[in-house]
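In the numbering used here, each residue's number is its place in the sequence shown (first place is 1) plus 89.
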Amino acid sequence: MNQLKLFTLETPLGTLRGAVGPKGLVALTMRQDDGQYLEKLLKKRAPGAGRKQVAAKSTEPGRRLAAYFKDPQASLEVPLDLEGLTPFTQAVLLALLDIPPGQTLTYGQVAKIVGRPKAPRAVGQALHNNPLPLFLACHRVIGADGSLTGFGSGLPNKKALLAWENGENPWK
């Protein structure tokens, strides 16, 4: 991998940090830290790649995210780099592309979609390690009983994102 373009974007969720490589978005983090989690992801996803800090608006993912936080129906479709992820994880993450904004599926439903109906926990683990949240919308996956469960940046953010996509403004 050549050089990664790193960006930060201030949003109602806090600071988002992303990395874009030649094939597309490599990583996005929603964790409120000083970038350690992004570095941890990049050590796995893009070892040895150079890094250059750029303005979020100079990247397609940064522009799409800015648009999303103005309009929840804005497209987050950008090239994504899933290289290095297991075939199962890739299948789970790509299944998320078919969940429309504001709608949800259960972990079990996603497991069935990827051909592993007895593996909802494995789906949950793959989503827990999702390197591209928002673009691969793991916040749209819920528990079998309809409860909000398991979101790396916290259940309040999962609830807020779903409300946002359903026409509410949870950040007023």
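Don't be surprised by glycine CBs; every beta carbon is placed ideally from N, CA and C.
Query, Result
"Spatially closest choice to Gln162 from Gly107, Pro190, Gly151, by CA coordinates", "Pro190"
"Exposed unless 16 or more other CB atoms sit within 10 angstroms - verdict on Pro209", "buried"
"N-terminal and C-terminal residue of the alpha helix (DSSP H) that Gln125 is part of", "125 to 134"
"Residue nearest to Leu250 in terms of C-alpha spacing, selected from Phe96, Pro222, Leu131", "Pro222"
"Minimum length 4: unbroken alpha helix (DSSP H) runs contained in the region 199 to 243", "209 to 217"
"Limits of the unbroken beta strand (DSSP E) element including Glu257", "Run containing Glu257: none; DSSP gives neither H nor E here."
"For Ala184, three-class secondary structure by DSSP", "helix"
"Residue range of the alpha helix (DSSP H) that includes Arg106", "No alpha helix (DSSP H) holds Arg106; the beta strand (DSSP E) holding it covers 103 to 110."
"Host beta strand (DSSP E) of Glu99 (start-end)", "92 to 100"
"For Leu117, the three-state DSSP class (helix, strand or coil)", "strand"
"Backbone CA spacing between Pro176 and Val203 [nearest angstrom]", "10 Å"
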